[in-house]
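Position one of the sequence shown corresponds to residue 1 (the UniProt record's numbering), numbered consecutively onward.
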Amino acid sequence: MQDRTDTDVDDQPPRSPADALAIIEREQARQIPPYWIFYLIWGAAWAVIGLAWFANGTGAVTAATAGVLTGLAIAGGSIASGLVGARMGRGVTGPSQLHGALYGWVWPVAMIGVVALTVGLGRLGAPVGFAMPALFVFVTGGLFAVGAAVWRNIPDYALGLGLLVLGAALPFVPAPWHALTLAVVGGGALVATGLWTRARAVR
C-alpha cells in the first residue's frame with residue numbers, strides 16, 4: 001500500500017468550515033514576517049544603552065564605558081537585525097517577502113544614522129546625552145508606525161505613535177532620569193510588545 005505524501009494531504013479539500021478557517025489563518029500568518037523579533041532586539045539594546053548612561057549620570061561608570069556599551073548595543077542590534085531581515089524570506093511568499101527584508105535592513109541603517117546624527121550635534125555643542133535617547137525613541141516610533149501601517153496592525157501602530165510621543169517628551173526629563181526612562185519605559189515597551197506579538201502569532 002502506497003503511503004500518502006504531505007502534498008496529497010494538503011491537496012484534499014477541508015473537511016469542515018473550521019478546517020477551512022484554520023487553513024486560511026495559517027496561510028495569512030505565513031504572509032506576515034516575524035517582525036516582532038526586532039522589538040526584542042532593540043528593546044534589549046535600549047535597555048543596555050539607557051542603563052549605561054543612567055549609571056554614568058550617577059557616577060557608577062565613566063562616560064567612556066557608557067559609550068563603549070552603547071556602541072556594542074548598536075553593533076549587536078544592527079548585526080542581529082540584518083541577519084533576521086536577510087532570513088525573513090524563508091517561509092514567506094509574495095510581496096511580504098520583500099517587505100520583510102527591506103524592513104529588517106532599515107533598522108540598522110536608522111540606528112547607526114541616529115548615532116552619527118548625535119555625534120554631529122555634539123560637535124556643534126548640542127547636549128548629546130539628551131539628544132541620543134530622544135532620537136532613538138522618535139526614529140523607532142516612526143519605524144514601528146510605518147511597519148504597522150504596511151501590515152495593518154493597529155496595536156503596533158498605536159505603540160509607534162506612543163513612542164513618538166515619548167521621544168518628544170524625553171528631552172524634558174532631567175538627567176540622568178531620561179536615560180533610565182529610555183531603558184525602562186522605551187526598552188520595556190518594546191520587549192513586552194515583542195513577547196505579546198509572538199504569543200498572538202503562535203496561538
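Built from N, CA and C at the ideal position, the CB exists for glycine as well.
Exercise for the section: Assign residue 197 to one of three DSSP states: helix, strand, or coil. Expected result: Looking up residue 197 in the sequence shown gives position 197. Of the three classes helix, strand and coil, the one that applies to residue 197 here is helix, per DSSP.
Handout entry: residue 154, buried or exposed, once every other Cβ within 10 Å from all chains shown has been counted against 16
Key = Here residue 154 corresponds to residue number 154 of the sequence shown, with the count starting at 1. Classification for residue 154: exposed.
Exercise for the section: Reducing DSSP to helix, strand and coil, say where residue 153 ends up. Expected result: In the sequence shown, the residue the question calls residue 153 occupies position 153. Coil at residue 153, not helix or strand.
Handout entry: Close Cβ partners of residue 139 (< 8 angstroms) along its chain, the five nearest in sequence each way excluded
Key = For the purposes of this step, residue 139 is taken as the residue at position 139 of the sequence shown. Result list for residue 139: 110, 111, 113, 114 and 167, in chain order.
Practice task
Could you tell me how far apart the beta carbons of residue 52 and residue 187 are, in whole angstroms, since I believe they sit closer than 8 angstroms?
Solution key: If you number the sequence shown from 1, residue 52 lands on position 52. If you number the sequence shown from 1, residue 187 lands on position 187. The pair is not a contact, with the Cβ atoms about 12 angstroms apart (cut-off 8 angstroms).
Exercise for the section: Identify the continuous alpha helix (DSSP H) that holds residue 187 and give its terminal residues. Expected result: The count along the sequence shown starts at 1 and reaches residue 187 at position 187. It is not in any alpha helix (DSSP H) - residue 187 carries neither H nor E in the DSSP assignment.
Problem - Cβ-Cβ distance between residue 183 and residue 50 below 7 angstroms - result: On the sequence shown, residue 183 is found 183 positions in, with the first residue counted as 1. On the sequence shown, residue 50 is found 50 positions in, with the first residue counted as 1. Result yes, Cβ atoms of residue 183 and residue 50 sit closer than 7 angstroms.
Problem - Proximity below 7 angstroms, CB of residue 141 to CB of residue 163 - result: As a working mapping, residue 141 is identified with position 141 in the sequence shown. As a working mapping, residue 163 is identified with position 163 in the sequence shown. Yes; because the gap between Cβ atoms is below 7 angstroms, this pair is in contact.
Handout entry: Span of the alpha helix (DSSP H) around residue 292
Key = This structure gives no information on residue 292, because the portion of the chain shown stretches from 1 to 203.
Handout entry: Neighbourhood of residue 134 by C-beta, 7 angstroms cutoff - its chain only, sequence neighbours within 5 removed
Key = Here residue 134 corresponds to residue number 134 of the sequence shown, with the count starting at 1. Hits under 7 angstroms: 167, 170 and 171.
Practice task
Look at the alpha carbon of residue 120 and the alpha carbon of residue 126, and state the distance between them as a whole number of angstroms.
Solution key: Here residue 120 refers to the residue found at position 120 of the sequence shown. Here residue 126 refers to the residue found at position 126 of the sequence shown. Distance between the alpha carbons of residue 120 and residue 126: 9 angstroms.
Practice task
Mark residue 128 as exposed unless 16 or more other C-beta atoms lie within 10 angstroms of its C-beta, in which case mark it buried.
Solution key: If you number the sequence shown from 1, residue 128 lands on position 128. Classification of residue 128: buried, given that the 10 Å Cβ count is 16 or more.
Handout entry: Straight-line gap, residue 192 to residue 143 (C-alpha atoms, nearest Å)
Key = Translated into the one-based positions of the sequence shown, residue 192 becomes position 192. Translated into the one-based positions of the sequence shown, residue 143 becomes position 143. Cα to Cα, the separation comes out at about 17 angstroms.
Handout entry: Buried versus exposed, by CB contacts within 10 Å (16 or more), residue 165
Key = Counted from its first residue, the sequence shown places residue 165 at position 165. Exposed: under 16 other Cβ atoms inside 10 Å.
Problem - For residue 181, the nearest candidate out of 118, 73, 198 and 136 (CA to CA) - result: Here residue 181 corresponds to residue number 181 of the sequence shown, with the count starting at 1. Answer by Cα proximity: 136.
Exercise for the section: Would you check if the distance between the CB atom of residue 190 and the CB atom of residue 39 is smaller than 7 angstroms? Expected result: Your numbering for residue 190 matches position 190 in the sequence shown. Your numbering for residue 39 matches position 39 in the sequence shown. Yes, these two residues count as a Cβ contact at 7 angstroms.
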